[in-house]
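Below: one structure, written as structure tokens.
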Amino acid sequence: MTLYAIWRAIPAASFTLSSTTYTNGGTIPAKCGGNGTNTSPQLSWTNAPTDSDVETYVLVFLDVTADWWHFRRAIPTSFSSLIEGAIPSTPFGPTTYEGPAPGDGRTHTYQFKLYAVRTGYDLMNFGAFRPDGTGQRSWADLESANAEYIVDKSNAYSGTFAQ
Numbered sequence: 071m072t073l074y075a076i077w078r079a080i081p082a083a084s085f086t087l088s089s090t091t092y093t094n095g096g097t098i099p100a101k102c103g104g105n106g107t108n109t110s111p112q113l114s115w116t117n118a119p120t121d122s123d124v125e126t127y128v129l130v131f132l133d134v135t136a137d138w139w140h141f142r143r144a145i146p147t148s149f150s151s152l153i154e155g156a157i158p159s160t161p162f163g164p165t166t167y168e169g170p171a172p173g174d175g176r177t178h179t180y181q182f183k184l185y186a187v188r189t190g191y192d193l194m195n196f197g198a199f200r201p202d203g204t205g206q207r208s209w210a211d212l213e214s215a216n217a218e219y220i221v222d223k224s225n226a227y228s229g230t231f232a233q
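The working numbering puts the first residue of the sequence shown at 71, with every later residue one more than the last.
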């Protein structure tokens, strides 16, 4: 980590993530679940930075209850929304949406966050595991590890899901 990353504070969320598929804090529909049709929700964002300092957006989806990362995706800055059922490909090729599928019979809370990142970021560093192999990352771990690249971030858009 560079001194820049240590000194630079992660910005407070200043752009807004929303969805027409379910309300923030509401129930994620069965069709979005891993045992349903596994359809990704519609997502939109407003007031996201688009200046020359931003290379791309990175969308991350986390099962907060189980600390389980479902995916991360790079999204072009020319986008301001994703239609229902259309999570874009990463730079590594086509990927599929991995919807909620808690296996323990409990209701889990899931969150999406969208990050505006600058040139030089590594999509793999937005991954689920800590580099030292000690387990899953929290939002704070992810943001700390990428502080020098995160220009801005959205609110956490939450929903609950049970099998």
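Glycine is no exception: its CB is placed at the ideal position from the N, C-alpha and C atoms.
- If you compare the alpha carbons of PRO170, SER114, TRP138 and TYR227 with that of ILE145, the shortest gap goes to SER114.
- When C-alpha distances from GLU125 are compared across ILE220, TRP138 and GLY169, the shortest belongs to ILE220.
- For the set GLY95, LEU184 and ALA232, the Cα lying nearest the Cα of ASP174 is the one of ALA232.
- Within the model, the alpha-carbon separation for PRO99 versus ASP137 is close to 21 Å.
- Taking SER110 as the centre and dropping the five residues before and after it, the same chain places the C-beta of CYS102, LEU152, GLU154, GLY155, ALA156, ILE157, TYR167 and GLY169 closer than 8 Å to its C-beta, in chain order.
- Collapsing the DSSP output to three states places ALA210 in a helix.
- Within the segment 90-133, the beta strand (DSSP E) runs of at least 3 residues that lie entirely inside it are, in chain order, 113-116 and 126-133.
- A residue is called buried when at least 16 other Cβ atoms come within 10 angstroms of its Cβ; ASN105 does not meet this threshold and is exposed.
- Taking C-alpha positions only, SER122 is separated from SER228 by approximately 30 Å.
- The beta carbon of GLN112 sits closer than 8 Å to those of SER89, THR90, THR91, SER151, LEU152, ILE153 and GLU154, all from its chain and outside the five residues before and after it, given in chain order.
- Each residue's CA atom was taken as its position, placing GLN181 and ALA210 some 14 Å apart.
- Restricting attention to ASN117, TYR127, PHE141 and LEU132, the CA atom closest to the CA of THR230 is found in LEU132.
- Under the DSSP assignment, SER88 falls in the beta strand (DSSP E) whose first and last residues are 86-88.
- The three-state reading of DSSP puts PHE149 in coil, since its state is none of H, G, I, E or B.
- Per DSSP, ILE220 is one residue of the beta strand (DSSP E) stretching across 220-223.
- Rounded to whole angstroms, ASN108 and LYS183 show a C-alpha spacing of 19 Å.
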